[in-house]
Every structure is written in C-alpha cells, then in structure tokens.
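Numbering (our numbering), first residue to last: 268 to 481. Glycine included, every Cβ here is placed at the ideal spot set by N, Cα and C. It should be emphasised that the depicted structure is a prediction, and the values quoted were computed from it without experimental measurement. Since the structure comes first, as structure tokens, the remarks are kept for the end.
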Ligand SMILES: [Zn+2]
C-alpha cells in the first residue's frame, strides 16, 4: 500500500511493500537529492526501452531504465504522467528504476528491465508509481492496440478509449511471474495538487521523481 511520508521536511510517497532500501516517489514538494549523500545518476530519457546498468559513467543518453547494483550511487528518473517503475531483487539486492510512458509500456520496458537485471521474477518487488490513470488517459486506437497487444489477458485494462497504463504494466509483470506488485492509486491529473501532470498542465516542464538508493 502506498502512503505519504516525510523525508526531512519534504513530502514523498512510498510503499509498505518496499521499506528497505530507499525507494520512493517525490511530489510537487521540491526534493533536494543531496540529502541522499551519494553520487546521483539520472539518464537522458527519450521514451525508449533502453536499459543500462549504472557503472563509472556519469551520462546515460537515450536511456529509460537504470539498474543499480552498488550502494554508493543513487538513481532517479523524471515523470509527469508517465508510469514510474521501481524494482528490487530481494535475493541479489539490486534494483532498478524505469520510465514507462505509452511507448516504453508498448515496448515492455518493465519485463525488459527485469531480464537485464538477470533476476528471477519471483524475487522481485515491483512498485508502480503515480501516473495518469484510466480516468484521464484517453488514447487513439493505434496506441490502445499497441498497449493491449503486450499482454495475454486484457480484462480490466481499458474503459472505452481510456487505457490503464499502470495496470497494463502490472499485467506484463504478472505474466512473467512477478507476484509482489504494489500499484499506486493516485492519478497525476486528478491529484495535480500533489504531482505534476503533462496533460493537465499543458506540457509542463516540471517533473516529480522516482528515486532508488540501495
Ligand atoms: Zn484521473
């Protein structure tokens, strides 16, 4: 279950499914990543399904998933409506953050991230963070088809031309064997007072973050 918490003075969102390590989503409350006290890595997101493992490099161009295997770095990705995914492998003690907008979701970036982690899906805890929800996310026929084509069971994943990106991501993960998934109930558009929404705010450049530090 997701709940609001404070990190220092700042309001953040976390899940009781993943208390260890530091895995959370920021809000409109501007968060200073320096408080994490580590090197902070963020990729140049392009709505791709490219996933990289964090190493000595500082820059990760054209990358929408970062895998973290060390305790010295922190990673974060930026969001305003797109679906943030945080993964943690409880056996290997490694994690990842991925960016699943419709393009990333259509390219199955969630399963692709777990594959690149070389994790057993049974060992994975998955958090599906705040994103635009089925209430507010209307798409065209082509996008709807591309999204629904990624899963075998399409029950409950759409309502007319509105699609549920969070549930489609969850279904993709369930279909490869992930069974510990927490899905954030908040819609970034309906809950625009807490989160940024690209659609609601007419293309805002502001972003909330999904953050992971082992
Ligand atoms: Zn909504």
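- Excluding the 5 residues flanking it on each side, residue 315 has same chain C-beta neighbours closer than 6 Å at 329, 331, in chain order.
- With respect to the 8 Å criterion, residue 445 and residue 388 are classified as neighbours on the basis of their beta carbons.
- With respect to residue 480, residue 289 sits close: the two C-beta atoms are nearer than 8 Å.
- Secondary structure of residue 303 (DSSP, three-state): helix.
- Our two residues, residue 269 and residue 295, have alpha carbons roughly 17 Å apart in a direct line.
- Under the three-state reduction of DSSP, residue 372 is assigned to helix.
- Shortest gap from the CB of residue 451 to any heavy atom of ligand 1: 7 Å or more.
- The closest heavy atom of ligand 1 lies less than 7 Å from the beta carbon of residue 457.
- Leaving aside the five residues that flank residue 340 on each side, the residues in its chain whose CB is nearer than 8 Å to its CB run, in chain order, 305, 306, 307, 308, 321, 480.
- The alpha carbon of residue 344 has as its nearest neighbour, out of 470, 334, 354, 310, the alpha carbon of 310.
- In the structure shown, residue 281 adopts extended strand secondary structure according to DSSP, grouped into three states.
- If only uninterrupted alpha helix (DSSP H) runs of at least 4 residues are considered, those enclosed by the segment 408-444 are 408-415, 432-442.
- The beta carbons of residue 454 and residue 402 sit closer together than 8 Å.
- Taking the Cα positions, residue 478 is about 8 Å away from residue 293.
- Inside the segment 323-396, DSSP marks whole alpha helix (DSSP H) runs of 4 or more residues at positions 369-373, 376-383, from first to last along the chain.
- Using a cutoff of 7 Å, the CB of residue 349 does not count as near ligand 1, since none of the ligand's heavy atoms is closer than that.
- At least 8 Å separates the beta-carbon of residue 352 from that of residue 459.
- The three-state secondary structure of residue 451, taken from DSSP, is coil.
- Taking a contact as a CB-CB distance under 8 Å, the pair residue 395 and residue 354 does not count as one, their CB atoms being some 10 Å apart.
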